[in-house]
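Presented below is the structure to which this report refers.
Chains as they are written, first to last, in our numbering: chain G, 877 to 1000; chain W, 14 to 333.
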C-alpha cells in the first residue's frame, strides 16, 4: 500500500516536473523575457522543479487539504514557486489583526497589575 | 509612565529599522482630487484569521468577479500560518482572469488607483517581534485635507485611519499593494515592467485569453515596446499558428531590434517553418545581443538546435 502510494506520488512528481509552458520549451516564455529585463541572474540556472517539490511539501506540512495542493501549485508561476520555496514558514502571512491587539492589551494589563505602569488609573 | 515611553521609543526604532527606504508621505497629491471614497466597494467581514480571503473577495468583486471569502479560502488560506501569502492572492486573482498588478512601492500609487476608481489590496504589519500581526485590508478612500485613509478592514466596514499611521504599518510590511484589473484595462499611471509581469503571469498559468487581452492593451499603451508583441506571438505559437507567430516576433524585433527573446523565438519558428538558413541568421543576431545576460543559455540552446538542421530554405522563406 505504502509502496503503491509512493509510486503514485513519484508519477505525479514527474508529471508536475515541468511548468505548464514546458511544451513550449523551445521558445523563451513571455514571463522569462519580462524577468530577464528586471533580474540579472541566468534564469536557466534556477531549478524550478526543486522549488515546486519544496512548495508541495510545505503546503502539506502547513495543513493544506491534499486535494487542493495540486491546484494551488498549478496556479503559481515558476518565479513565485522560487519565492515560496523554503520560505513559507517566514513569509508574511496576513491573518488576524484582532489577535495582535488582544496580545498588546493583555501585556499592558499584566504590566499594570504588577505595578510597572499605571496607564489605566484614569479609567477607574 | 517612563517605561511605557521607553517601550514606545524602542518600538519606533524597530519600526524604522525594518521599513523600506523612501519618503513615507509624498509632498502633495499632484493632479489628484483632494478626497475620494469608493463607497460602493463591497465588504466581506472577515472570519477568524481570514482577512486574506475577505480582502481578496472585496477587490475581485469590484473587478466584476462575484465571489466570496468562503470560496477563496481553500485557494489562499494556509492553516499552518493562520493567514495567506501574497503570491497566492496574486495566483487566485489570475485564476479568475483578472490582472494582479502589484503597485510601485510609493504612497502616491495607492492614491492614484483609488482616484481612478479601483480599490487597493494592501498588506499591513500591525504588531512587532514575535507577534508581527500581518494583516490584509482594502484602501477605498483618502482625504488629503484631513490626512486620513479609509479602509475595508477586518470586521470594520468603514475604518477611517490617520494616513500617517496607516502608511507606517504599510511601510513595515514592505509596501505591498495590489489591484485586480479586468484584462484589457490598465491601472492608473501604469508601470511597464510591473504590468507585463502580471500579464505574463496569466499566460504562464494557462489563462491565455486574459493574457492576450492584457498584451493587446500593453501593445497599445507602449507602442515602442517589443514584449507585448512577443507575448502575443508566444500565444500564437502555443495555439500552433506558426505564420502568425513568425509575423508577431518579426513585428516585435522591428519595434525593438535589440530584443533577444523576439529574435530567439523568431529563429525557432523559422526553423519549424522549414527555413533553417533564415533561422541561423536570426539566432546569430540573438546570440550577439544576449552576450552573457540572463537569456544567454536559452539562446545558446536554440542555436544548438538550429545548427543541427542543415539544408536550404524552402520556397517562400524570408530572404534576410
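Ideal Cβ positions, reconstructed from N, Cα and C, are used throughout, including at glycine. It should be emphasised that the depicted structure is a prediction, and the values quoted were computed from it without experimental measurement.
- Distance from residue 152/W to residue 123/W at the Cβ level is roughly 6 Å; contact confirmed, criterion being Cβ atoms closer than 8 Å.
- Relative to residue 108/W, the option among 947/G, 911/G and 961/G whose CA is nearest is 947/G.
- A direct Cα-to-Cα measurement between residue 240/W and residue 319/W gives close to 23 Å.
- For the C-beta of residue 952/G, the chain W residues within less than 7 Å are, from N- to C-terminus, 100 and 104.
- Close CB contacts of residue 203/W within its chain, under the 7 Å cut and outside five residues either way in sequence, are with 234 (chain order).
- Separation of the CB atoms of residue 97/W and residue 89/W is rounded to 4 Å, and the pair is thereby assigned contact status at 8 Å.
- Unbroken beta strand (DSSP E) stretches of 3 residues or longer found wholly inside the segment 929-964 of chain G: none.
- Contact note: residue 147/W reaches chain G through 968, 969, 970 and 971, using a C-beta cutoff of 7 Å and chain order.
- Taking the CA atoms as reference points, residue 312/W sits about 51 Å from residue 58/W.
- Residue 161/W: member of the beta strand (DSSP E) spanning 161-166, first to last residue.
- Put simply, the CB of residue 87/W is near chain G, with a gap under 7 Å to one of its CB atoms.
- By the neighbour-count criterion, in which 16 or more other beta carbons inside 10 Å mark a residue as buried, residue 982/G falls on the exposed side.
- In this structure, DSSP gives residue 67/W a helical state, which the three-state scheme calls helix.
- Residue nearest to residue 101/W within the set 984/G, 913/G, 938/G and 951/G is 951/G (criterion: CA-CA distance).
- In this structure, DSSP gives residue 317/W a helical state, which the three-state scheme calls helix.
- Unbroken alpha helix (DSSP H) runs of no fewer than 4 residues, entirely contained in the segment 214-243 of chain W, are found at 221-234, following chain order.
- At a cut-off of 7 Å between C-beta atoms, residue 210/W counts as an interface residue with respect to chain G.
- Below the 7 Å Cβ cutoff, chain G contributes 906, 907 and 910 as neighbours of residue 213/W, in chain order.
- Cβ proximity to chain G below 7 Å picks out 250 and 251 from the segment 250-272 of chain W.
- Neighbours of residue 941/G in chain W, taken as residues whose beta carbon is under 8 Å from its own, are 87 in chain order.
- For residue 202/W, there is no enclosing beta strand (DSSP E), as DSSP gives it neither H nor E.
- Contact with chain G is found for residue 247/W, since one of that chain's Cβ atoms lies less than 7 Å from the residue's Cβ.
- For residue 170/W, the enclosing beta strand (DSSP E) has its first and last residue at 169-175.
- Taking the beta carbon of residue 97/W as reference, the chain G residues within 7 Å of it are 969 and 970, listed in sequence order.
- Taking the beta carbon of residue 165/W as reference, no residue of chain G falls within 8 Å; the closest one sits roughly 13 Å away.
- According to the DSSP secondary-structure assignment, residue 50/W is paired through a beta bridge with 154/W.
- Inter-segment contact for the segment 131-141 of chain W and the segment 181-191 of chain W is present: three or more beta-carbon pairs are separated by less than 8 Å.
- Closest option to residue 199/W, judged by alpha-carbon separation, among 219/W, 190/W, 229/W and 221/W: 229/W.
- The Cβ of residue 277/W sits closer than 7 Å to at least one Cβ of chain G.
- For residue 926/G, no chain W residue has a Cβ inside 7 Å of its Cβ, as the nearest lies near 17 Å away.
- Contact check between the segment 220-229 of chain W and the segment 255-265 of chain W: fewer than three CB pairs, one atom from each, fall below 8 Å, which does not count as touching.
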